[in-house]
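**Q** Chains as they are written, first to last, in the numbering used here: chain B, 1 to 131; chain U, 1001 to 1291. Even for Gly, the Cβ is constructed at its ideal location relative to N, Cα and C. A quick note: this is a predicted structure, and the numbers were derived from the prediction, not measured.
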Amino acid sequence: MTAKEAYEDIPGTWVFDAQRARKGFHLNQFLYSLMKAENRRRFLADERTYLDEWPMSEAQKVAVMKRDWNTLLDLGGVSYALAKLAFTDEHSYQYMAAEMCGLTQDEYAAMMMQGGRKLDGWRSKKERGEA
Amino acid sequence: MAKIIAGVGTSHTPAIGAAIDLGKTGEPYWVPLFKGYEPAKAWMAETRPDVVIMVYNDHVNAFDFKIIPTFAIGCAEEFPIADEGWGARPVPIVKGYPEFASHLVQSLVLDEFDITIVNQMEVDHGLTSPMSLLFGTPEAWPVRVIPLAVNVIQYPAPTGNRCYNLGKAIKTAVESWDEDLNVVIFGTGGMSHQIQGPRAGLVNKDFDIAFLDGLSKDPEALAKIPPLTYLRDAGNEAIELVMWLIMRGALGDKVDEIYRFHHVPASSTAVGCIILETDEYHRQKTGKAAA
């Protein structure tokens, strides 16, 4: 297995490698812009218009508007930049992490209180029969 | 001569800084964590280093992907606190040490570690959460700080082995500075955690404990852990632990473990803390002869 194949075999994970980073550059620049209060205000007032100021793909723009976090990861978004979109919506990081797992925030918090997600069953797509 | 006297490994979870800033440290969720850090804080108050070298990573706050330095040293007079999207943390500005930092860069580059020089930079929770955990909430930080930012966001991060060897070169660099200074080096981030995708929330306590053991007893073995093992076995963001190997490399062969603590969770993270004194400093402090 090449290094890339090996990390592509990790379930439920998008490793942010150079190719994904390249694809996500403008998406992440847009997300970075949300660090400024004025930009957050403009974005929330008219998301589409604000997004059209950035040379992002249509798929990226749609995923932003749908807050489709896992698709955004796949399209080159990096979690720390995506968090700025969650914060713009006045959600916590944990809210976004829960949505990525398909859990409610309470379910996710409860899982963490019980020691977090166990590695068993989450180590390899091959082991899970997904690849 | 300047000397590295000890190393601190600690998580830098942003929720920890937020809990301190919002006065939540007495809430049941947070009590075990802050209780676990009390001995570490007491150790720091007693040790009173002159300078901290803070090995941490920026989280898309100072570096926004236009430029991605693998290793960057902050050489500025001071480092303002970044607004990460919810307002800047109300903590004191971080005072640097430009002359000493520049000396470190010079020594490291000649030692074949190609360090990026940063003369202006804001610092985020990666640096300020550990400061709050170990120094509390003073009006001004009681120590000068040299930030050493490591890319662990875009794969690949530098390998554990590269980090370990950088630590060794930092020891040499520090010891070639004439001024008598006690330096404590921090390795931050980790421990096991994943904060993205359907696998978010992953924690591997066995991995963490073995890592803490290795820091004390067999860092050479830890330095051989390949990047993939961190990602797969301890979570996508557990790769941050390579930064602890920079800290460990800077302490020399033999260390004395003073304290350790492990706790789950802080938000999505398994939190760890370890304090290691160099054997030389430890013997000096305790009056023990070399074994």
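#1: In the segment 1154-1181 of chain U, which residues sit with their C-beta less than 8 Å from some C-beta in chain B, listed in chain order?
#2: Considering only residues of the same chain and omitting the five flanking positions on each side of residue 1181/U, which have a CB-CB separation below 6 Å?
#3: Name the chain U residues whose beta carbon is nearer than 7 Å to that of residue 11/B?
#4: Distance, Cα to Cα, residue 1101/U vs residue 1006/U?
#5: Cβ-heavy atom distance between residue 1269/U and the ligand HEM below 7 Å?
#6: Using a Cβ cut-off of 9 Å, pull out every chain U residue sitting near residue 28/B, in sequence order please.
#7: Unbroken alpha helix (DSSP H) runs of length 4 or more, entirely within the segment 1202-1253 of chain U: which are they?
#8: Do residue 1275/U and residue 1163/U have their C-beta atoms closer together than 8 Å?
#9: By Cβ distance, which residues of its chain are closer than 6 Å to residue 1084/U, with the 5 residues on each side in sequence left out?
#10: Based on the DSSP secondary-structure assignment, which residues constitute the bridge partners of residue 108/B?
#11: CB residue 1185/U to CB residue 1043/U, shorter than 8 Å?
#12: Just how far apart, CA to CA, sit residue 1152/U and residue 1238/U?
#13: Locate the beta strand (DSSP E) running through residue 1274/U, then write down its first and last residues.
#14: Check whether the segment 50-67 of chain B and the segment 1094-1111 of chain U touch, using three or more Cβ-Cβ pairs below 8 Å as the test.
#15: Whole-angstrom Cβ separation of residue 1203/U and residue 115/B, contact assumed at under 8 Å?
#16: Would you be able to state if there are at least three C-beta pairs under 8 Å between the segment 1164-1177 of chain U and the segment 1248-1264 of chain U?
#17: So, does the CB of residue 1011/U fall closer than 8 Å to a CB anywhere in chain B?
#18: Have a look at residue 1279/U and residue 62/B and give me their C-alpha separation to the nearest angstrom.
#19: Which whole-angstrom value is the C-beta distance of residue 59/B and residue 75/B, which I expect to be below 8 Å?
#20: Using the rule of at least 16 other Cβ atoms within 10 Å of the residue's Cβ for burial, across every protein chain shown, is residue 1311/U buried or exposed?
#21: Residue 71/B lies in the alpha helix (DSSP H); which residues open and close that run?
#22: Near residue 1192/U, which residues of its chain fall below 6 Å by C-beta distance, leaving aside the five closest residues on each side in sequence?
#23: In whole angstroms, what is the alpha-carbon distance linking residue 14/B and residue 1132/U?
#24: From the DSSP output, which residues share a beta bridge with residue 1188/U?
#25: Just checking, does the segment 1071-1086 of chain U make contact with the segment 1144-1161 of chain U on the three C-beta pairs under 8 Å criterion?
#26: With DSSP run on the structure shown, which of helix, strand or coil describes residue 1256/U?
#27: Thinking C-alpha only, which one of 1118/U, 1113/U and 1219/U is nearest residue 1160/U?
**A** A quick look at the data gives this:
#1: 1154, 1155 and 1156
#2: 1002, 1050 and 1051
#3: 1199
#4: 18 Å
#5: Among the components modelled here there is no ligand, and therefore nothing to report on the ligand HEM.
#6: Simply 1060, 1064 and 1065.
#7: Entirely contained in the segment 1202-1253 of chain U, the alpha helix (DSSP H) runs reaching 4 residues are, in chain order, 1205-1217, 1219-1223, 1227-1234 and 1242-1249.
#8: no
#9: 1061 and 1124
#10: For residue 108/B, which the question treats as bridged, DSSP gives no partner whatsoever.
#11: The answer is no: Cβ separation not under 8 Å.
#12: 9 Å
#13: 1269-1278
#14: no
#15: Between the beta-carbon of residue 1203/U and that of residue 115/B there is about 6 Å, and that keeps the pair under the 8 Å contact cut.
#16: yes
#17: At least 8 Å separates the CB of residue 1011/U from every CB of chain B.
#18: 57 Å
#19: 6 Å
#20: Because chain U in this structure spans residues 1001 to 1291, residue 1311/U falls outside the shown range and cannot be described.
#21: Looking at the DSSP string, the run of the alpha helix (DSSP H) that includes residue 71/B is 69-74.
#22: 1203, 1204, 1207, 1208, 1234, 1235, 1238 and 1270
#23: Taking the straight line joining both Cα atoms gives about 32 Å.
#24: 1010/U
#25: yes
#26: Strand.
#27: 1219/U
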